[in-house]
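Trainee: Below you will find the structure I want to go over with you.
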Ligand code: SF4
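So, in structure tokens, the structure goes:
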């Protein structure tokens, strides 16, 4: 589902979720701005559900947060609490039916926003279908919503506590009923979820940058396996699942999260700069100037330059609006390829030996074109330095990467990749270097896309992105 003019050929950001219980505030406005801050986590659709005196109202649509909402439809979303979602599809296609929050009025009325990917979605779908439950979408998020909305328990907290152990895979989830906003996270803690305070009330969000924009404070992260209920009585928490293996996605630190967010006690920008410093220690190069692939490589390039003592300059200028261009260029323009996104500055690169820093390479198309473009602009040498290890394996936990075969590092040595990309040299940060930068260990993180070591059982035969759609086709 990659688009030729997508922002980059890296993995797609997954989803962002938000939830707040604050009767004294304009909760729809809080959700709007929080989602605005989480926009980097998904640009395909956006939605907000609010609850006012027992009625859940939802507004969701394909598009960016700023395109989906205006003053008029936000005003219609009043209430004591709200949840919100921005989406890049990981399971199911990007059709409108798969936009979130999902709403189900079975035994209980629930609205639900989910970031992650269930690896037992097909089994759960079959089980519910056999009980006569029908579905409107092909997203695994609706399966979680259906398990909760059809549940026999009297309270949503009891329903969540019963359902959580049955879900396999990654889920940072926010669900809203007529009484409460309940957030819960899988036992491995694969995807992020933070808890914030807003005045006397509480909110949850995928990343702390959503709290900053609404003047909330990051309190702590929702623990892996924990359920947090926000309602009239304040906050209630319960440890529902105890997983022996914690597996927070290390790629959040490298690539997904916004630089101003705090994850696991680390300010992302600071960790990425540190990755650049360690990259210099592990892979120095004789160069005249360090340049970043903007914006993804900015922080690591700053670290690389600082550690090396080499000057840093802007050798590539990025068009910040290209991600929203959907007009395909004709043959003539296509030859110029990436000039759409990046333009080299001849004055900076001509005759220079360049150390070019980026945070990751997936398919390699972008990197190959950047190398060619820099050479055309007169660079004497192009040395690529990547602040992550080679990506060789797909993700089954909510991140849409290319297939193995499309990954430039798949089945190639680093020298072969360098040849493929056309650069003079190429070096990657080691996994050890990543963990040193984030002050963490492999034992508590997932690094499967780099190492192939999947932390959850059954991941090798995980349901693919369109597994539910295939099931739907088989059944019709
Ligand atoms: S496979 Fe990679 S992207 Fe997916 S959860 Fe693990 S570290 Fe994150």
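In our numbering, the protein residues as written are 42 to 517. For glycine and all other residues, C-beta sits at the position ideal for the given N, C-alpha and C. Bear in mind that the values here come from a model prediction, so they are computed numbers and not experimental data.
Short check: CB of residue 150 to CB of residue 197, under 8 Å?
Mentor: Within the chain shown, numbered from 1, the residue matching residue 150 stands at position 109. Within the chain shown, numbered from 1, the residue matching residue 197 stands at position 156. Cβ distance not < 8 Å, so residue 150 and residue 197 don't count as in contact.
Trainee: Going by other Cβ atoms of all chains shown within 10 Å of its Cβ, with 16 needed for buried, is residue 58 buried or exposed?
Mentor: In the chain shown, counting from the first residue as 1, residue 58 sits at position 17. By the neighbour-count rule (16 or more Cβ atoms within 10 Å), residue 58 is buried.
Trainee: From 425, 234, 440, 487, pick the residue whose C-alpha is nearest to that of residue 467; which is it?
Mentor: Numbered from 1 along the chain shown, position 426 holds the residue referred to as residue 467. Here the closest residue by C-alpha is 425.
Trainee: Mind checking residue 172: buried by the 16 CB within 10 Å criterion, or exposed?
Mentor: Position 131 of the chain shown, counted from the first residue, corresponds to residue 172. Exposed, because fewer than 16 other Cβ atoms sit within 10 Å of the Cβ of residue 172.
Trainee: Can you tell me whether residue 129 sits near ligand 1, meaning its C-beta is under 7 Å from at least one heavy atom of the ligand?
Mentor: By 1-based counting over the chain shown, the position of residue 129 is 88. Outside the cutoff, so no.
Trainee: Where do the ends of the alpha helix (DSSP H) carrying residue 166 lie?
Mentor: Numbered from its first residue, the chain shown carries residue 166 at position 125. Per DSSP, residue 166 belongs to the alpha helix (DSSP H) from 162 to 171.
Trainee: Quick one: complete alpha helix (DSSP H) runs, 4+ long, within the stretch 412 to 498?
Mentor: With a minimum length of 4 residues, the continuous alpha helix (DSSP H) runs that stay inside the stretch 412 to 498 are 455 to 462, 472 to 479, 489 to 492.
Trainee: Express the C-alpha separation of residue 481 and residue 522 in angstroms, rounding to a whole number.
Mentor: This structure leaves residue 522 out entirely; the chain is present only between 42 and 517.
Trainee: Is it buried or exposed for residue 82, if we count other Cβ within 10 angstroms and need 16 for buried?
Mentor: One-based indexing of the chain shown puts residue 82 at position 41. Label assigned to residue 82: buried.
Trainee: Pull up the distance between the alpha-carbon of residue 23 and that of residue 209, whole angstroms please.
Mentor: Here the chain comprises residues numbered 42 to 517, so residue 23 is not present and cannot be evaluated.
Trainee: What are the start and end residues of the beta strand (DSSP E) that includes residue 299?
Mentor: Position 258 of the chain shown holds residue 299. First-last for residue 299: undefined, no H or E at that position.
Trainee: Where do the ends of the alpha helix (DSSP H) carrying residue 259 lie?
Mentor: For the purposes of this step, residue 259 is taken as residue 218 along the chain shown, with counting starting at 1. From DSSP, residue 259 is part of no alpha helix (DSSP H) but of the beta strand (DSSP E) over 258 to 262.
Trainee: In the DSSP output, what is residue 21 paired with across the bridge?
Mentor: No answer is possible for residue 21: it lies beyond the span of the chain, which begins at 42 and ends at 517.
Trainee: Would you check if the stretch 485 to 500 and the stretch 432 to 446 touch, i.e. whether three or more CB-CB distances between them fall below 8 Å?
Mentor: With a cut-off of 8 Å, the stretch 485 to 500 and the stretch 432 to 446 count as touching, because enough Cβ pairs lie within range.
Trainee: With distances taken Cα to Cα, identify the nearest neighbour of residue 262 among 199, 307, 292, 323.
Mentor: For the purposes of this step, residue 262 is taken as the residue at position 221 of the chain shown. Of the candidates 199, 307, 292, 323, the one whose C-alpha sits nearest the C-alpha of residue 262 is 307.
Trainee: Where DSSP assigns a beta bridge to residue 278, which residues make up the other side?
Mentor: Locating residue 278 in the chain shown gives position 237, where the first residue counts as 1. DSSP lists 269 as partners of residue 278.
Trainee: Would DSSP call residue 102 helix, strand or coil?
Mentor: Stepping through the chain shown from its first residue, residue 102 is reached at position 61. Here residue 102 sits in strand by DSSP.
Trainee: Buried or exposed for residue 365, please, with buried defined as at least 16 other CB atoms from any protein chain shown within 10 angstroms of its CB.
Mentor: Numbered from 1 along the chain shown, position 324 holds the residue referred to as residue 365. In this prediction, residue 365 scores a pLDDT of 44, lower than 50, which makes its location untrustworthy; the coordinate-derived value is nonetheless stated afterwards. Exposed.
Trainee: Just checking my contact of residue 438 with residue 211 at CB under 8 Å: how many whole Å lie between their CB atoms?
Mentor: On the chain shown, residue 438 is found 397 positions in, with the first residue counted as 1. On the chain shown, residue 211 is found 170 positions in, with the first residue counted as 1. Right, the Cβ-Cβ distance comes to about 4 Å (below 8 Å), so this counts as a contact.
Trainee: Buried or exposed for residue 60, please, with buried defined as at least 16 other CB atoms from any protein chain shown within 10 angstroms of its CB.
Mentor: Counted from its first residue, the chain shown places residue 60 at position 19. Result: buried.
Trainee: With distance defined between alpha-carbon atoms, name the residue in 260, 236, 346, 55 nearest to residue 322.
Mentor: Residue 322 sits at position 281 when you count from the first residue of the chain shown. Nearest of 260, 236, 346, 55 to residue 322, Cα basis: 346.
Trainee: Suppose the cutoff is 7 Å on Cβ atoms and the five residues either side in sequence are ignored; what does the same chain contact list for residue 257 look like?
Mentor: Translated into the one-based positions of the chain shown, residue 257 becomes position 216. Hits under 7 Å: 237, 238, 239, 244.
Trainee: If you reduce the DSSP assignment to three classes, tell me which class residue 361 lands in.
Mentor: Looking up residue 361 in the chain shown gives position 320. Coil.
Trainee: Would you mind sorting residue 497 into buried or exposed? The rule is 16 or more other CB atoms within 10 Å of its CB.
Mentor: Position 456 of the chain shown holds residue 497. By the neighbour-count rule (16 or more Cβ atoms within 10 Å), residue 497 is buried.
Trainee: Would you kindly report the start and end of the unbroken beta strand (DSSP E) that includes residue 71?
Mentor: In the chain shown, the residue the question calls residue 71 occupies position 30. Unbroken run through residue 71 is the alpha helix (DSSP H), 68 to 78; no beta strand (DSSP E).
Trainee: Are the beta-carbon atoms of residue 265 and residue 226 separated by less than 8 Å?
Mentor: For the purposes of this step, residue 265 is identified with residue 224 of the chain shown, where counting begins at 1. For the purposes of this step, residue 226 is identified with residue 185 of the chain shown, where counting begins at 1. Yes, the pair counts as a contact, with Cβ atoms nearer than the cut-off.
Trainee: Which residue's Cα is closest to the Cα of residue 145: 105, 156, 188?
Mentor: The residue labelled residue 145 in the question sits at position 104 within the chain shown. The shortest C-alpha separation from residue 145 is found at 188.
Trainee: Would you call the stretch 198 to 208 and the stretch 272 to 282 touching, i.e. three or more CB-CB distances under 8 Å?
Mentor: Verdict: yes, contact present.
Trainee: Got a sec: does ligand 1 put a non-hydrogen atom nearer than 7 Å to the Cβ of residue 292?
Mentor: Counting from one through the chain shown, the residue named residue 292 turns up at place 251. Yes - ligand 1 has a heavy atom lying nearer than 7 Å to the Cβ of residue 292.
Trainee: Do residue 488 and ligand 1 come close, with the Cβ less than 7 Å from some heavy atom?
Mentor: Here residue 488 corresponds to residue number 447 of the chain shown, with the count starting at 1. Yes, Cβ of residue 488 sits closer than 7 Å to a heavy atom of ligand 1.
Trainee: Cutting at 6 Å between CB atoms, please list the residues of its own chain near residue 479, excluding the five before and the five after it.
Mentor: Position 438 of the chain shown holds residue 479. Hits under 6 Å: 294, 307, 312.
Trainee: Quick one, which of 356, 384, 405, 440 has its alpha-carbon nearest residue 397's?
Mentor: By one-based count along the chain shown, residue 397 stands at place 356. Of the listed residues, the one whose Cα sits closest to residue 397 is 356.
Trainee: Verify whether the separation of the beta carbon atoms of residue 324 and residue 333 is less than 8 Å.
Mentor: Here residue 324 corresponds to residue number 283 of the chain shown, with the count starting at 1. Here residue 333 corresponds to residue number 292 of the chain shown, with the count starting at 1. Cβ distance not < 8 Å, so residue 324 and residue 333 don't count as in contact.
Trainee: Relative to the C-alpha of residue 65, which residue among 409, 417, 122, 126 is closest?
Mentor: Along the chain shown, one-based indexing puts residue 65 at 24. Selected option, being the one with the closest Cα: 122.
Trainee: Taking all protein chains shown into account, decide if residue 141 is buried (16 or more other Cβ within 10 angstroms of its Cβ) or exposed.
Mentor: On the chain shown, residue 141 is found 100 positions in, with the first residue counted as 1. When all chains shown are included, residue 141 counts as buried.
Trainee: For the candidate residues 117, 207, 413, 450, whose alpha-carbon lies nearest to that of residue 164?
Mentor: Along the chain shown, one-based indexing puts residue 164 at 123. If we check each option's Cα against that of residue 164, 207 comes out closest.
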